[in-house]
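Trainee:
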Amino acid sequence: MPASPLLVEFAIALPIALAVAYAVAWVVRRLFGRRLRLSLTTMAVISLLGISVGLLLAGLLFYGQYLWMPTTLLLAFGSSIGLTFVAASIAAFIRPNYGDVDVAALLVAGESDHVEFKETARWNVREHKKDPRMELAIAKTVAAFLNSNGGVLVIGASDDGVVRGLERDLSTLRTPDHDRFELWLRDLLSTLVGRNAAALPHIQFAALADAGTVCALNCPPSPKPVFLTAPRDGGPSTDLWVRVGNSTRALGVDEAVEYVSRHWRPTLASLVTGRPAGPTSGR
C-alpha cells in the first residue's frame, strides 16, 4: 500500500478531471455554436470549477464520502455540466447583437469610428474598370473593425451617405445577384484575412426606396488579432489594421505588438462576454 494514498488518488484524479472538463467544455461549445464567443480554454476552466464545486458538495452533504464513490462522481460530473451550461447561457445572452442594422439611419448619421461607407467593392469609379485595389480597401476596413471595437461597413454608398447601389459591382460577377456577391465577399475575406475572421461579419442587403440596394457588413470585435496578408512588391506583406477615429491605418511592428498586448489583455469582463479587453473596448 502506498505511503500516501491520498496523494496517489489526487495524482490519478487530476488528469481525469482535466480531461472531463475539456470534454464537457467542447460539447457545450458545440451546442451553442457561433452564439458563444467564449474560448475553449475559458470553458474548460469553468468546467473544472464545476467539478470542484461538485466535490465540495459531496463532502459537505454526505457523510463518509470518498473520491471514487458513485455519489461523489455523479455530483462532480453534474456540477461540471451545470456550471458550464449556465455560464455559456449567460455569455450567449449578454453578447451584443451583431445581426441586421438600420442602414438608413447609419447613412443619415454619417461616417464615424464605427461606420464607414464605400461606393464600390470592385469597381474603380474613376477608371471605369474592375480594380483589385478596391477589393483590398474593403478587406482592410473589415480587418480594422474586427481588430478594434467593431463597426459597420456599407458598400454602395458614397462618403457623404448618398446611395449609389451595387449595380457596378454586380456587373463584374458571372452571376450578378446578391447571393453571388456575398459569396464573393466571403471568399475575398477568407483569402486576405483568413477563414475564421471572414466568418465573423454579418452581411445584409438593404433596399432603400428607389435609391438602390446597399450591402452592410456588421463586424463584431474579433476575439483574437486579425492580420491581413496582401501581395506587395517583393512578396506578400502581413499587416495589422485598426480604426483610428474615422480612418483605417496599418500599425508598424512595434505598434502592433503593443496594441495586441493591450487590446486583447484578458479581464473578467472579457472572459464572461468573449469580447476583447483593452483600454478602448468599452467605448
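Take the sequence shown: its letters are residues 128 to 410, numbered as in the working numbering. Ideal Cβ positions, reconstructed from N, Cα and C, are used throughout, including at glycine.
Which two residues bound the contiguous alpha helix (DSSP H) that contains Ile-326?
Mentor: Residue 326 is actually Ala in this sequence, not Ile. No alpha helix (DSSP H) holds Ala-326; DSSP gives it neither H nor E.
Trainee: Leaving out five residues before and five after Arg-156 in sequence, what residues of the same chain have Cβ atoms less than 7 Å from its Cβ?
Mentor: Leu-163, Leu-167 and Met-170
Trainee: By alpha-carbon positions, which one of Arg-307, Lys-256, Val-320 and Val-289 ends up nearest to Gln-331?
Mentor: Arg-307
Trainee: Would you kindly report the start and end of the unbroken beta strand (DSSP E) that includes Asp-366?
Mentor: 364 to 371
Trainee: Could you tell me whether the Cβ atoms of Ile-178 and Ala-215 are closer together than 7 Å?
Mentor: No; because the gap between Cβ atoms is not below 7 Å, this pair is not in contact.
Trainee: Should the stretch 368 to 381 be regarded as contacting the stretch 265 to 278, the criterion being three or more beta carbon pairs within less than 8 Å?
Mentor: yes
Trainee: Straight-line CA distance for Gly-237 to Ala-343?
Mentor: When the Cα atoms are used, Gly-237 and Ala-343 turn out to be separated by approximately 14 Å.
Trainee: Figure out for me which residue from Gly-226, Tyr-225, Val-180 and Ala-219 has the closest Cα to the Cα of Phe-204.
Mentor: Checked all of Gly-226, Tyr-225, Val-180 and Ala-219; the closest Cα to Phe-204 is Val-180.
Trainee: Taking the beta carbon of Ala-325 as the centre, do at least 16 other beta carbons fall within 10 Å, making it buried, or is it exposed?
Mentor: buried
Trainee: Cutting at 6 Å between CB atoms, please list the residues of its own chain near Asp-314, excluding the five before and the five after it.
Mentor: none
Trainee: Which of the three DSSP states, helix, strand or coil, is assigned to Trp-311?
Mentor: helix
Trainee: Kindly list the residues whose CB is nearer than 6 Å to the CB of Leu-184, restricted to its own chain and excluding five residues on each side of it in sequence; keep chain order.
Mentor: The beta carbon of Leu-184 sits closer than 6 Å to those of Leu-202, all from its chain and outside the five residues before and after it, given in chain order.
Trainee: Can you tell me where the beta strand (DSSP E) with Ala-248 in it begins and where it stops?
Mentor: Ala-248 -> no beta strand (DSSP E), and no H or E assigned at all.
Trainee: Nearest-angstrom Cα distance between Pro-142 and Leu-194?
Mentor: 14 Å
Trainee: Measuring CA to CA, which of His-255, Asp-287 and Leu-200 is closest to Lys-245?
Mentor: Looking at the Cα atoms, Asp-287 is the closest of the given residues.
Trainee: Would you mind working out which of Val-281, Phe-220 and Ala-266 sits nearest Ser-239, comparing C-alpha positions?
Mentor: Val-281
Trainee: Would you tell me roughly how many angstroms separate the C-alpha atoms of Leu-355 and Val-252, rounded to the nearest one?
Mentor: 24 Å
Trainee: Grouping DSSP H, G and I as helix and E and B as strand, with all else coil, what is Thr-302?
Mentor: coil
Trainee: Pull up the DSSP beta-bridge partners for Gly-278, would you.
Mentor: Gly-278 pairs with Cys-346.
Trainee: Is it right to say Val-290 is buried, meaning 16 or more other beta carbons lie within 10 angstroms of its own, or is it exposed?
Mentor: buried
Trainee: Can you tell me where the alpha helix (DSSP H) with Arg-156 in it begins and where it stops?
Mentor: Counting along the chain, the alpha helix (DSSP H) containing Arg-156 begins and ends at 132 to 159.
Trainee: Within a Cβ cutoff of 6 Å, which residues of the same chain sit near His-305, ignoring the five residues on either side of it in sequence?
Mentor: Within the same chain, Cβ atoms closer than 6 Å to the Cβ of His-305 are found at Phe-332, the five residues on either side in sequence being excluded.
Trainee: In this structure, does DSSP put Ser-216 in helix, strand or coil?
Mentor: helix
Trainee: Please state the DSSP three-state secondary structure of Leu-163.
Mentor: coil
Trainee: Which residue's Cα is closest to the Cα of Arg-359: Leu-297, Arg-260, Ile-221 and Thr-198?
Mentor: Arg-260
Trainee: Please identify the residue among Gly-292, Val-269, Thr-199 and Leu-158 whose C-alpha is closest to the C-alpha of Leu-327.
Mentor: Val-269
Trainee: Would you give the residue range spanned by the beta strand (DSSP E) that Arg-359 belongs to?
Mentor: Annotation for Arg-359: no beta strand (DSSP E) segment contains it, and DSSP assigns it neither H nor E.
Trainee: For Ile-217, which residues in the same chain have their Cβ closer than 6 Å to its Cβ, ignoring the five residues on either side in sequence?
Mentor: none
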